[in-house]
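Q:
Residue numbers (the working numbering): 5 to 136.
1. Going by DSSP, what residues sit across from residue 76 in a beta bridge?
2. Run through the DSSP bridge pairs and tell me what residue 102 is partnered with.
3. Mind the definition here: the stretch 37-57 touches the stretch 115-126 only if three or more C-beta pairs lie below 8 Å; say whether that holds.
4. Check each candidate in 107, 72, 78 and name the one with the smallest Cα separation from residue 53.
5. Could you name the residues of the same chain whose beta carbon sits closer than 7 Å to that of residue 105, not counting the 5 residues immediately before and after it, in chain order?
6. Just the C-alpha distance for residue 88 and residue 48, rounded to the nearest angstrom, thanks.
7. What are the boundary residues of the alpha helix (DSSP H) that includes residue 110?
8. Indicate the three-state DSSP secondary structure (helix, strand or coil) for residue 37 in the structure shown.
9. Thinking residue 100 and residue 83 are a contact (beta carbons under 8 Å), I'd like their distance in whole angstroms, please.
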């Protein structure tokens, strides 16, 4: 008779852990709505395939900590990754190419509003604290 209760009591931590994990949510839960929409756009437009699902990088540069950082371009010049640079980099991917990346970024077909939301997501991933 008490074994049924024991199973329920023993199962409670598992259920509590699942509820706690759901309450904490994913990264999306802590993002502002515009940044959350930017993350969704980045994933659906294929950006995450090169920049990582969470902006950690891969074939393309990481987005985490990128905003406000200095970046060297393939022509040897340096720029600060601000909103203007990101608009150019996304809208005209062959203009200001980050050094060290051999794979050309494809045209993504995003409109100005979608580009703005993706940039909101990149900004939300955190600013660089030092100029490398």
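Glycine included, C-beta positions come from ideal geometry on N, C-alpha and C.
In this text the structure is predicted, and so the values were computed from the model without any measurement.
A: Let's see:
1. According to DSSP, which records beta bridges pairwise, residue 76 is partnered with 82.
2. Bridge partners of residue 102: 77.
3. The stretch 37-57 is in contact with the stretch 115-126.
4. Ranked by how close their Cα comes to the Cα of residue 53, the residues 107, 72, 78 have 107 in first place.
5. For residue 105, where only same-chain residues beyond five positions count, the Cβ hits under 7 Å are 64, 65.
6. Annotation: residue 88 to residue 48 spans about 23 Å, alpha carbon to alpha carbon.
7. Counted as a single uninterrupted DSSP element, the stretch harbouring residue 110 is not any alpha helix (DSSP H), since DSSP gives it neither H nor E.
8. In the structure shown, the three-state DSSP call for residue 37 is helix.
9. About 7 Å; that satisfies the 8 Å criterion.
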